[in-house]
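Colleague:
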Amino acid sequence: MTTNLTQKAMNVQSKKELQQLLSPHTIEMQHSIVKSAINNLNSEIECDIRSNDTSIALYKMSQVVVLEDSLHIIERVLLKQRVLV
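Here the working numbering is used: the first residue of the sequence shown is 345, the next is one more, and so on.
#1: I need the straight-line Cα distance from His369 to Ser358, nearest angstrom please.
#2: Can you tell me the Cβ-Cβ gap for Leu415 and Val356, rounded? I've got them flagged as a contact below 8 Å.
#3: Give the single residue among Gln425, Ile418, Leu423 whose Cα lies nearest to the Cα of Ser376.
#4: Using the Cβ count rule (16 or more neighbours within 10 Å means buried), how would you classify Asn392?
#5: Tell me whether the beta-carbon of Leu422 lies closer than 9 Å to the beta-carbon of Ile371.
#6: Can you tell me whether Lys404 is buried or exposed? The criterion is at least 16 other CB atoms within 10 Å of its CB, across all chains shown.
#7: If you reduce the DSSP assignment to three classes, tell me which class Gln374 lands in.
Next comes the structure, spelled out in C-alpha cells:
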C-alpha cells in the first residue's frame, strides 16, 4: 500500500493534490509516504543527471520542493504531538 501511495506522491502536481492524497492517513503514515517519495525522487534525479536528462531532473526537483514543504509541516505536527503527550 505504501509503495502505491509513494508512487502517487512522487507524481503530484500541487500541494492541494498532495493534501488530498495524504488526508485519509495518519500523520505518521503521511510522514513515511512523503519521506519515501522524496528519497525515491532524489535517487531518480541523480540517475537523470548522470544520463544528461537535466530537464527531467529539474522537473523532479520541483516535485521534491512541493514534497519537502509538506514534510516540514508534517514534522511540525509530529513534534507538537510529542510535546503535548
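For glycine and all other residues, C-beta sits at the position ideal for the given N, C-alpha and C. Source: prediction; values computed, not measured.
Modeller: Based on what the coordinates show:
#1: 18 Å
#2: Not confirmed; about 13 Å, so no contact.
#3: Ile418
#4: Looking at the sequence itself, residue 392 is Asp, so the reference to Asn does not match. With 16 or more other Cβ atoms within 10 Å, it is buried.
#5: yes
#6: buried
#7: helix
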